[in-house]
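Residue numbers (mature numbering (1 follows the signal peptide of the UniProt record, and there is no 0)): -19 to -1, 1 to 447.
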């Protein structure tokens, strides 16, 4: 590291010398320019005019490494720049200032590898005898690892066997074993049992098993078995039926003596069945299902049909009663309503006569609602409207004479001119083949129909009139 510092200082010194020489050269060239009276460049006695380029510094380089190694207090590091951005040319000035910079630096601490402490006892022995285990521990703090140093190698704990002296073993009894059979099979006997002090056997000064190694126990204390025997047959029960063949039962009991203490039960059955009352029983008659005897009296609107049944399910026998009730019945049928064909109402006149005098037309209407068609019945036949003449009385004639000329469309066949005494009412009927010119009174009468009440199907009638 010291050699590196020396090299850095040497480069710095060389840069200073070069900078001083370039500065002196620039000053000398400037003096020559002033003497010659121009900024041109002289070569071989001729003045060559070139563009003057002043030097420019490059960027600073990275700093060198710190001259001090880890663990030292302070060192130095240097960075450089060069007069080549651009380099001075054609008598241009060199770069001003230093070509290097120096600053203090502080090295990082040196890495410290960890070191183990002495072993410490972490626990007591796990057993007081018969071999136990004791645990020891050490700490990585002599010194502790620092600044990237390695941790301590190896394990921080270890286990060591301890108290390996055998422990005393106290004796333990085995289970009881039968030493002899019972002295009697029933009525109470005696049986002997034995056990051994080997679970475990006493050792290393341990105690022997406490208590006795044998004991006697009473056995087969149950009374001896008594086998059962039957009693006599008892009187039979009533017959299961009063007729038609039944069964009655006799019974006996296993109580002479009753079985006891594991004795066997009486052999055979305790019940005896005998036939009784073989006379056939009376059979009451029963009806069969209803069967249709006739078709419905009508096809619609509700009628009647007959059904029949027979007393043969079963037929009465052996004095049994016959079937109760009637063998026939009448029941309603075909409830669907019959079709109703439509019928016309009477003629009605919802409108007045088209004129009050001189002969007009009156429209009559009727409705298909007496009755209305229903359940698929036919509608009314014929037309719902008709027209008939009305107010045929001639209109009255007025006494006032007024001349009025009325011209109507002329037909090519006839032309008629008429002068009459005017009336208060004028009626004009025009046909395609007649043209009339009449002198009529100036009085004009506007016909207006009186207000009438429109029938329920007014819209339908209006459509029929069109």
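All C-beta atoms, glycine included, are put in the ideal place defined by N, C-alpha and C.
Bear in mind that the values here come from a model prediction, so they are computed numbers and not experimental data.
Asked	Found
Return the CA-CA distance between residue 74 and residue 81, expressed in angstroms with no decimal places.	19 Å
Taking just the CA atoms, how far does residue 159 sit from residue 244?	27 Å
Whole angstroms are fine: how far does the CA of residue 90 sit from the CA of residue 47?	13 Å
Keeping to the same chain, check which residues put their C-beta closer than 7 Å to that of residue 358; ignore five residues upstream and five downstream.	320, 321, 322, 323
Applying the criterion that 16 or more other CB atoms from any shown protein chain within 10 Å of the CB defines a buried residue, is residue 110 buried or exposed?	exposed
Of the residues 40, 205, 189, 237, which one's Cα is nearest the Cα of residue 60?	40
When you compare only the Cα positions, how much space is there between residue 266 and residue 314?	30 Å
Report yes if the C-beta distance between residue 340 and residue 373 is below 8 Å; otherwise report no.	yes
Which whole-angstrom value describes the C-beta separation of residue 345 and residue 328, a residue pair presumed to lie in contact below a C-beta threshold of 8 Å?	4 Å
Sort out for me which residues DSSP pairs residue 198 with in a bridge.	172
Return helix, strand or coil for residue 123, following the three-state DSSP convention.	coil
What are the start and end residues of the beta strand (DSSP E) that includes residue 61?	56 to 61
Using three-state DSSP, classify residue 312 as helix, strand or coil.	strand
Identify which residue in 247, 79, 378, 224 has its Cα closest to the Cα of residue 62.	79
DSSP state of residue 329, grouped into three classes?	strand
Is residue 405 helix, strand or coil when you go by DSSP?	At residue 405, the pLDDT of 31 sits below 50, so the modelled position is not reliable; the number obtained from the coordinates is stated separately. In this structure, residue 405 counts as coil in the three-state DSSP scheme.
Below 7 Å, is the gap between the Cβ of residue 243 and the nearest heavy atom of the ligand PLP?	Although the ligand PLP was asked about, the structure shown includes no ligands whatsoever.
Going by C-alpha to C-alpha distance, which of 349, 282, 335 sits closest to residue 318?	282
Classify residue 85 as helix, strand or coil using the three-state DSSP reduction.	strand
At the level of alpha carbons, what is the spacing between residue 442 and residue 366?	At residue 442 the pLDDT is 44, less than 50, meaning the model places this residue with poor confidence; the figure from the coordinates comes in the next sentence. C-alpha separation (whole angstroms): 7 Å.
Use the C-beta contact count for residue 72: other C-beta atoms within 10 angstroms, 16 or more gives buried, fewer gives exposed.	buried
Going along the chain, which residues of its own chain have a beta-carbon closer than 8 Å to the beta-carbon of residue 12, five neighbours each way excluded?	The pLDDT assigned to residue 12 is 44, lower than 50, so where the model puts this residue is not dependable, and the model offers no usable value.
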